[in-house]
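K.L.:
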Amino acid sequence: MINLTINNMPVKVRKDSTILAAARKIGIKIPTLCHFELDCFSFEHRIGSCRICVVEVEGRRNLAPACCTPVAEGMVVKTNTLRAINARRTILDLILSDHPKDCLTCEKNGDCELQHLAGEMDLHHVLYEGKMSEYQLDLSCDAIVRDLDKCIMCRRCQSACNDVQTVGVLSGIGRGFRAVVGPADLMPLNESTCVFCGQCVIACPVGALTEQNCRYKVWRALNSGKHIIVQTAPAVRVAIGEAFGMRPGTVATGQLVAGLKLLGFDKVFDTDFAADLTIMEETTEFIERLTKNENLPILTSCCPGWVKFLEHQFPELLYMPSTAKSPQQMFGAIAKSYYAEKMGLKPEDVIVVSVMPCLSKKYEASREEFSPNGIRDVDIVISTRELANMFQEAGIQLNKLEPREYDHPLGESTGAAVIFGVTGGVIEAALRTAADWLSEKELKDVNFTAVRGSAGLKEATVKVAGIDVKVAVCSGLGNARRVLEKIRNGEARYHAIEIMACPGGCLNGGGQPYIHGDSSVLEKRAAAIYKADVDLPIRKSHENPYIKKLYAEFLGEPGSHLAHRLLHTSYKARGHLCEVKND
Amino acid sequence: MIDSVETLNKRVEALRRESLAATRILVSMGTCGIAAGAAPVLAELRRLLAERGLENTVEIVETGCIGQCYAEPSVEILNPESNSGITYGKVKVSEVSMIIDHLADVVPGLETVNKTWYYPEDEANADNRLQARIVLRNSGRIDPEKLEDYLKNRGYQALAKVLTGMSPAEVVKEITESGLRGRGGGGFPTGMKWSFAAAQPAGRKYIVCNADEGDPGAFMDRAVLEGDPHSVLEAMIIGGYAIGADTGIVYIRAEYPLAVKRLKIAIRQAEENGLLGKNIFGSGFNFKIELKYGAGAFVCGEETALIHSIEGKRGEPTFKPPFPAVSGLWGCPTVVNNVETYANVPAVIRRGAAWFRTIGTEKSPGTKVFALAGKVENVGLVEVPMGTALRDIIFNLGGGIRDGKQFKAVQTGGPSGGCLKADRLDTRIDYDTLTALGSMMGSGGMIVMDEDDCMVNIAKFFLEFTLDESCGKCTPCRIGNTRLHEMLDRICTGRATGDTINKLRNLAYAVKDTSLCGLGQTSPNPVLSTLANFEEEYEAHIRDKKCPAGVCTKLITYLINDNCVGCTLCARNCPVSCISGERKQKHVIDQDRCIKCGVCYQACKFHAIDRI
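First to last, the sequence lines map onto chains A and B.
Counting the first sequence from 1 gives a position; my numbering is that position plus 1216.
Counting the second sequence from 1 gives a position; my numbering is that position plus 165.
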């Protein structure tokens, strides 16, 4: 342990602590911008580049950045000397001098860390005005918007993209005043190997990286006179409440449904229904591959970011993922076929809106293969944040709504489906069904706790109907890369692997309410998901009565010809720098 | 193959015997010499010697830079017996035959150059010679492409001494006791750096040579690499032995093709002769040296940025700790020293720490090479003991100010150093005195300014360089320097307001105080030092909208006074034809069209044009 004093207050901290951490321990919050950490993934971006955290350290020639200066025995730190305050104000002044002051109309308004800081730091005008960065807005892709004029070079996105996700698209480019973060040669994002996971967006402290705003599209659709339905992904219900002052970890399913009804959707359905459907198809495929002992391991395919990552980075492993579409796309396909037919509507007269914790889902819905006959299965995708914003615009106070129930037939779901929202959930749901099907018995204890928890890589051997099934669960593409490399090199063998692009799974998706580095929120969201699972009367996908009905009335059986046509897909090898390779 | 001290000594003896007879003609073929036209002079020398059948009695040696750039191309006739010679400067091809005619004595009428240095390793007394050459001991004296020349001049003796008689700890101790400090700018004690790396657990370690010389106008490292590459290799091997590294990397800028070529030759020669590779001098110590090319980014001279660049990453500095000596290249303990620092090492080992300490000052022993540039008569490299007065360097070695003008200031430490004015000329410069004056040693750039230089413009000029070369990582350097530059630009163009000086000073201090690396921490120095020494010039720009030195064109007005006799010379020379008037009548400048180029001012023979 190290003893030091901060503002004359003694503090004892661990040897590897920084001044920032030590100050936090005694209740002093030193302002930060470039510093970003997520405790639960043991991730820390400690670049020390913004300099907003400088403090005075006795005996040091210049000011010390608190975020990366290690503590030392007997260190005397002063955080609020005039010299430190003036320096921090100057740094803030400089950042603001090259930052657009359009806060009121900025996508990040209210969620911008720079905005908060400017408020806290008592800066009322910019002293050092001068030339400002001017870059073209990158609107090239369906998921993410890059506005480099707002980039403050904190490089948090770069760290998320490279160190966490190993996607390697965003990096520092240019020098001096022209330094920014972007893809090589500042190429448009849609031409890069970006998988649109959106981890950069949730890492960005300002409005330089935001989602493609589709809210107005939804407003237009709601007023188009067409039949408009909405699906909500599992992780949305445990996060949206945060935007309305509900405690993190509140399961707000009922309010969410009520809010969507108030917005004017004709039917409010649940992606969880499609998640149950995914389990039916995927588990069927899994059991087939397991019993034939071929093409193992099976990889889950519900995460579009992960799928695109595989297509770019591991084109030789394209046979591995399940061919089952993601729940979002299964929902769309069923909505535009079975449901439309049931309602007596033409597919083009049904508008499917998705509310997703994810930005990659916006991209997924736009993939060519998901627009049979030129009609998109999913028309509009909005993020959890966007929906919260729509509620706010409509004056819908989610926290004050009476809970409502999902509509039928696509609103019924099970506990197995809701856990899709957390890392390990898909594999657990699949195991619940596989165990029943393989043993031809009903499993009593449905909790496969070995695959739970926020660790980036979890491995377990699970007894399923007498078979030792070796499973792995990865969240975060960096972890996925490590596991896939092992598989490719023959160093590891599994039967099934669940992979989610975002660390922690969908509950930490790129479209979720910003947590600003408070990873306890993620833990609470995960707990809420497992609570939602327990609270549901049915916890196995194959026991969902409406799923049974769907197969009975329409699809036949899992893996049927029609199921394949509607619910399965294929993958393409993609180049390292550009879109789909030419055949 | 040199595999023991005995074979080394035998080889040296044989070489000495072989070369005693011939007269040697030394031609400076460094980049500066070649640029000044040394190649045709050399060709003419060869042609004439062949024509006169003198090839066997006269040996031509192509050397590196001798430091007297103002006198290039230079040719030195060296008498092998007396080891004294005559150096001709600014030699023309037409003069070569006269030089050969005379050989032993001075050609009347040709310009000769005096040597202003002595070699502390050879001579005990300076005899009033201001320069002391340790780093440049071989530059301009030996053929850098011949290992034999280096061997004859004590080459690899230090390595032999280290590998056959000293423990690594003793080497570190010797360097530490010598007080040698990093010559790249920081002045960090070299021995201490080595001791940190040596103290790390055994395993992969690296010795890196920083040859990314980037200060505009500084070229001492290039001179050493072009003139004496083996001295750097020898030092790196010694360093490797001292810290327990088996790999050395020279990070050299690709814009130094001649230095690269000569380094490659030297590495090959060292490998072929067993001085690099396995079991050097039969000691069991292995060492190899590789080259890595830099793309010319100034910031890659900062050691962490340099390491990232070698690793193939973006060349930008990272926060220290961890220091490279603990975790550097590929996460391994790494010592990064500059070329000039290494060039000192063999001499320190050969003659010992105590000898080294007799030169220079107590806290900064040894010498420093300065690149003298700007408005001095003798532009070039000088190597002086630490503690030499600025006045001696500028007025004695530098020959004073060009064209009889007045000295105004000297910028030491390159673009991020500071400007010192005449009242500091008697400062005895070393690391600490310069830092105390708000400037710095830097890598040894020394730019002299005269009365015609505008100090605001000078500050702006230097800042422009650091602005361009900032990596853009940290806020104060990326945006702060930009804002400083904008303010200076407003001052120089008459758009600055009353509070600009305060704003400038406050921001400059903040940038210094908060920047991540040495580049940002020093980039405001030119601003702060010119503000400290020439604030009245800033005020004249801001308050009176005048540039006292007449440099800032936006603040100058040219007016024709009553001395005008109407000769029309000005009007005929004006590139924009904005001067009008009848012959023999006073002329008038149209101020709206005048571009302030000053051509009329220079053309007028009657002092009839005022620059105000």
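By construction, the Cβ of each residue, glycine as well, lies at the ideal position given by its N, Cα and C atoms.
Please list, in chain order, all residues of the same chain as B/G347 whose beta carbon is under 7 Å from its beta carbon, the five residues on each side excluded.
P.N.:
F353, T355, N502, N503 and T506
K.L.:
What would DSSP say about A/C1794, mapped onto helix, strand or coil?
P.N.:
Since pLDDT at A/C1794 reaches only 47, below the 50 mark, its modelled position is unreliable, and no value is offered.
K.L.:
Check B/V764 in the structure and name its three-state DSSP category.
P.N.:
helix
K.L.:
Whose C-beta lies closer than 8 Å to the C-beta of A/A1288 among residues of the same chain, with five residues either side of it excluded?
P.N.:
I1218 and L1220
K.L.:
Does DSSP put A/A1604 in a helix, a strand or coil?
P.N.:
helix
K.L.:
Hey, A/P1774 and A/E1497: beta-carbon distance below 8 Å or not?
P.N.:
yes
K.L.:
Measuring straight from C-alpha to C-alpha, what distance separates A/T1382 and A/N1705?
P.N.:
18 Å
K.L.:
Quick one: what's B/I623 bridged to in DSSP?
P.N.:
Its beta-bridge partners do not exist; DSSP assigns none.
K.L.:
B/L345: beta carbon under 7 Å from a heavy atom of the ligand NAD?
P.N.:
Absence of the ligand NAD from the depicted structure is noted, as is the absence of any ligand whatsoever, leaving it without description.
K.L.:
Closest to A/C1416 by CA distance: which of A/M1369, A/A1451 and A/M1462 is it?
P.N.:
A/M1369
K.L.:
If you check the beta carbons only, do B/G603 and B/G583 fall under 8 Å apart?
P.N.:
yes
K.L.:
Any idea what DSSP makes of A/C1722, helix, strand or coil?
P.N.:
helix
K.L.:
Taking 8 Å as the threshold (beta carbon to beta carbon), is B/P354 in contact with chain A?
P.N.:
no
K.L.:
Is A/V1594 buried or exposed, if buried means 16 or more other CB atoms sit within 10 Å of its CB?
P.N.:
Classification for A/V1594: buried.
K.L.:
Would you identify the three-state DSSP class for B/T277, choosing helix, strand or coil?
P.N.:
strand
K.L.:
Cβ atoms of A/G1423 and A/C1574: under 8 Å apart, would you say?
P.N.:
no
K.L.:
Assign A/G1264 to buried or exposed, taking buried as 16 or more other Cβ atoms, counted over all protein chains shown, within 10 Å of its Cβ.
P.N.:
buried
K.L.:
With three or more C-beta pairs closer than 8 Å as the rule, is the segment 687 to 698 of chain B touching the segment 481 to 495 of chain B?
P.N.:
no
K.L.:
Quick one: does A/G1346 have its CB under 8 Å from some CB of chain D?
P.N.:
Any reference to chain D falls outside this structure, whose protein chains are A and B.
K.L.:
Can you check which of these residues, A/E1602, A/K1616, A/R1277 and A/E1564, is closest to A/R1592 by C-alpha distance?
P.N.:
Comparing alpha-carbon positions, the option among A/E1602, A/K1616, A/R1277 and A/E1564 lying closest to A/R1592 turns out to be A/E1564.
K.L.:
Select from the segment 1452 to 1476 of chain A all residues with a C-beta closer than 7 Å to any C-beta belonging to chain B, and list them in chain order.
P.N.:
none
K.L.:
List the residues of chain A that B/A675 touches, going by C-beta distances under 8 Å, in chain order.
P.N.:
N1302, A1303, T1306 and I1307
K.L.:
Which of the residues in the segment 1242 to 1259 of chain A, read from start to end, lie with their CB under 7 Å from any CB of chain B?
P.N.:
Of all residues in the segment 1242 to 1259 of chain A, none has a Cβ within less than 7 Å of some Cβ in chain B.
K.L.:
Can you list, in chain order, the stretches of the alpha helix (DSSP H) that have 4 or more residues and sit fully within the segment 1572 to 1627 of chain A?
P.N.:
Complete alpha helix (DSSP H) runs here, min 4: 1576 to 1582 and 1600 to 1609.
K.L.:
For a quick check, are the C-beta atoms of A/F1481 and A/Q1613 less than 8 Å apart?
P.N.:
no
K.L.:
Determine the direct distance from the alpha carbon of A/G1631 to that of A/V1748, and round the result to whole angstroms.
P.N.:
Reading the sequence as shown, one finds Ala at residue 1748 of chain A and not Val. Answer to the nearest angstrom: the Cα atoms are 7 Å apart.
K.L.:
Measuring only the C-alpha atoms, how far is B/R306 from B/C497?
P.N.:
38 Å
K.L.:
Starting from B/D615, trace the beta strand (DSSP E) in both directions and tell me its first and last residue.
P.N.:
G610 to D615
K.L.:
Among B/T526, B/R589, B/F535 and B/R294, which one has its Cα closest to the Cα of B/A697?
P.N.:
Nearest C-alpha to B/A697: B/R589.
K.L.:
Are there 16 or more other CB atoms within 10 angstroms of the CB of A/E1602, so buried, or fewer, so exposed?
P.N.:
buried
K.L.:
Any beta carbon from chain B within less than 8 Å of A/L1723's own beta carbon?
P.N.:
no
K.L.:
Which residues of the segment 656 to 668 of chain B have a Cβ closer than 9 Å to any Cβ of chain A? Give them in chain order.
P.N.:
K668
K.L.:
Measuring only the C-alpha atoms, how far is A/K1797 from A/K1788?
P.N.:
The pLDDT assigned to A/K1797 is 42, lower than 50, so where the model puts this residue is not dependable; a value taken from the coordinates is nonetheless given after this. Cα-Cα distance, rounded: 8 Å.
K.L.:
Starting from the N-terminal side, write out each stretch of the alpha helix (DSSP H) that is 4 residues or longer and does not extend beyond the segment 717 to 750 of chain B.
P.N.:
Counting only runs that start and end inside the segment 717 to 750 of chain B, the alpha helix (DSSP H) elements of at least 4 residues fall at 734 to 738.
K.L.:
Could you tell me which residues DSSP pairs with A/R1679 in its beta bridges?
P.N.:
For clarity, residue 1679 of chain A is Lys in the given sequence; the question names Arg instead. A/K1679 pairs with A/D1684.
K.L.:
What residues from chain A crowd round B/K443, counting only those whose CB sits closer than 8 Å?
P.N.:
Residues of chain A with a Cβ closer than 8 Å to the Cβ of B/K443 do not exist, since the nearest Cβ in that chain sits about 33 Å away.
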